[in-house]
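Have a look at the structure below before the remarks.
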Amino acid sequence: MDVKTAFLQGDLDYVIYMRQPEGFEDSTHPGQSTAEPCMYYRSQNGTTEYILIYVDDLIVASSSKEQLGDVKKELRRAFEMTDLGELNTIWLSQRKYVEEVYLKLNMGDAKVHATPMEHGLHLRNNMAPQNETEEQERSSVPYRNAVGSLIYAIAVAMRIVSKYLAKPGKEHWSAAKRIIRYLKGTSELGILLGGKENASEPRKLVGYSDSDYAGCLDTRRSTTGFIFMFNGPFTWQSQRQSTVALSSLQAEYMPLPPGTNEAVWLCLLAGELGFKQDGPTMLFEDNQGAIALARNPKLHDTTSHIGVRYCFIREELGHLEIALEYLSTQDMGADISTEPLARDQFLTRRDACEITKHVL
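Residue numbers (UniProt numbering): 1 to 360.
Below you can see the structure in the form of structure tokens.
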């Protein structure tokens, strides 16, 4: 006698985890998104259903209301669940969070500012306390508490003041309080996704990449910034570059690999959501030299130090999935993610990023 699949009959006394073999497809079970591992989708009967999971919360979507109801029934059969109703828009706001912070810091009566940071302000390490008296004054202010509390509320300004957590001086604390005043006056603003687009118009993914040059006076490193718009601000980044750029061209070129990588990922995600892009995704840059370098298949002596890893941009441009195009500095929306801007310029950029007050 032969016991069939005997090795599968034993009882295990510990938990094992398995991964579905690549290429295996089961039409009765949802597939996992390649771009977003917490998203699952299933196509059947000419419709597609999506489930996005965050801990114990789910967003369920479908191109058919009937299929959407069937998916919810399937989930209820397996789990005890509460249906919170139909979702038409996603409103991203930090109002409650910001209010809790400025009240905790006793700044409820503080005057508000129109911009988070003063234009042209350059903070430095040598602004730290220089004597015992200044050190005692520093220890009495909740600098770390304030900066740590708002680290997820605003990208550029908090990135700048967070560099001085070890020994903040008066100028650092003044800058941090200004950020809180700005957030206090703009706590009603947020990002609205959905509910505003024309269904007849295609959803276009557009990216903007920018950099300052040697903006950090302590390290002389530049700051990378990019923003991707997908019927609203979808992803963004503000990050100090890991090495010192030797020229403005190199500083502007260095944001392109992470920006290109983000564009590739977003194109994949958009395709899985049923919004496959018609033609290459546009990534705008305001430095003609950086664009020429990205398109040039050869590394010259003046640019060979930039490194082979930046050839990734050229490879993606060759696939025709991404298109790198010039946009004037005056119209470059990503500069809001690299440095403090003047009031009018900042407000113009913020409006262009569709940071607005939600009207119900």
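Backbone N, C-alpha and C fix where the C-beta goes; we use that ideal spot for every residue, glycine too.
Proximity to residue i [Cα-Cα], best of the options
i: Gly194; options: Leu87, Lys163, Ser247, His122; result: Leu87
i: Ile227; options: Gln20, Gly85, Thr260, Ala214; result: Thr260
i: Ile154; options: Gln94, Leu192, Asn106; result: Gln94
i: Thr219; options: Glu188, Ala157, Glu74, Gln241; result: Gln241
i: Thr235; options: Ser139, Glu262, Glu66; result: Glu262
i: Gly46; options: Ser64, Ile53, Gly31, Met254; result: Ser64
i: Glu171; options: Pro258, Asn125, Gln239, Ser247; result: Asn125
i: Arg203; options: Leu327, Leu269, His319, Phe284; result: Leu269
i: Leu183; options: Ala110, Ser139, Pro168; result: Ala110
i: Gly169; options: Asn106, Phe284, Arg159, Arg144; result: Arg144
i: Pro258; options: Lys96, Phe312, Leu249; result: Phe312
i: Ile53; options: Met39, Leu105, Leu8; result: Met39
i: Ser140; options: Trp173, Pro116, Phe7, Glu316; result: Trp173
i: Ala166; options: Thr186, Gly185, Arg138; result: Arg138
i: Ala352; options: Asn231, Ile16, Phe7; result: Asn231
i: Gly185; options: Lys357, Ser62, Ser43; result: Lys357
i: Cys336; options: Ser62, Pro116, Glu99; result: The amino acid occupying residue 336 in the given sequence is Ile; Cys does not appear at that position. Selected option, being the one with the closest Cα: Pro116.
Inter-residue Cα distance where the pair is residue i and residue j
i: Met1; j: Tyr14; result: With a pLDDT of only 37 at Met1, under 50, the local geometry of the prediction cannot be trusted, and no value is derived from it.
i: Gly289; j: Gln277; result: 27 Å
i: Leu341; j: Tyr41; result: 42 Å
i: Thr224; j: Thr133; result: 37 Å
i: Ala245; j: Gly271; result: 35 Å
i: Met18; j: Phe24; result: 13 Å
i: Ala251; j: Ala78; result: 53 Å
i: Gly274; j: Asp286; result: 31 Å
i: residue 361; j: Ala323; result: Because the chain spans 1 through 360 in this model, residue 361 falls outside it and cannot be assessed.
i: Gln345; j: Val55; result: 39 Å
i: Ser33; j: Val264; result: 15 Å
i: Leu58; j: Ile51; result: 7 Å
i: residue 365; j: Glu80; result: Within the shown structure, residues of the chain are numbered from 1 to 360, placing residue 365 beyond reach of any answer.
i: Ala114; j: Glu188; result: 13 Å
i: Thr348; j: Arg76; result: 47 Å
i: His119; j: Gly85; result: 45 Å
i: Met229; j: Glu325; result: 15 Å
i: Tyr253; j: Arg181; result: 35 Å
i: Asn296; j: Leu121; result: 37 Å
i: Glu321; j: Thr243; result: 28 Å
i: Arg178; j: Asp331; result: 27 Å
i: Gly279; j: Leu327; result: 19 Å
i: Pro21; j: Gly69; result: 30 Å
i: Ala60; j: Gly10; result: Note that residue 60 is Val in the sequence shown, not Ala. Taking the straight line from one Cα to the other gives about 37 Å.
i: Tyr97; j: Ala292; result: 44 Å
i: Ser222; j: Lys73; result: 53 Å
i: Gly108; j: Ser247; result: 44 Å
i: Asp83; j: Ile90; result: 17 Å
i: Glu66; j: Gly31; result: 20 Å
i: Phe7; j: Ile16; result: 15 Å
i: Glu316; j: Phe284; result: 15 Å
i: Arg343; j: Asn131; result: 35 Å
i: Ser43; j: Gly318; result: 31 Å
i: Glu99; j: Leu249; result: 41 Å
i: Leu12; j: Ser62; result: 38 Å
Contact check, residue i vs residue j, beta carbons under 8 Å
i: Val112; j: Ser149; result: no
i: Val206; j: Met127; result: no
i: residue 361; j: Tyr164; result: Beyond the ends of the chain as shown, which are 1 and 360, falls residue 361; an answer cannot be given.
i: Leu266; j: Ile191; result: no
i: Ala214; j: Leu256; result: no
i: Thr329; j: Ser211; result: no
i: Ser238; j: Arg314; result: no
Residue i, DSSP secondary structure in three states
i: Gly356; result: According to the sequence shown, residue 356 is Thr rather than Gly. Three-state result, Thr356: strand.
i: Thr281; result: strand
i: Met107; result: coil
i: Glu325; result: strand
i: Phe228; result: strand
i: Arg47; result: Reading off the sequence, residue 47 comes out as Thr, not Arg. Note: Thr47 maps to strand in three-state DSSP.
i: Gln345; result: helix
i: Phe234; result: strand
i: Arg221; result: coil
i: Leu317; result: helix
i: Leu52; result: strand
i: Met1; result: Caution applies to Met1, whose pLDDT of 37 falls short of 50 and renders its modelled position unreliable; the model cannot decide the point.
i: Met127; result: helix
i: Val60; result: strand
Beta-carbon separation (whole angstroms), residue i vs residue j, contact threshold 8 Å
i: Ala334; j: Tyr152; result: So it is not a contact: roughly 20 Å between Cβ atoms.
i: Glu49; j: Val71; result: 5 Å
i: Val161; j: Ala175; result: 5 Å
i: Pro129; j: Glu135; result: 4 Å
i: Leu105; j: Ala146; result: 6 Å
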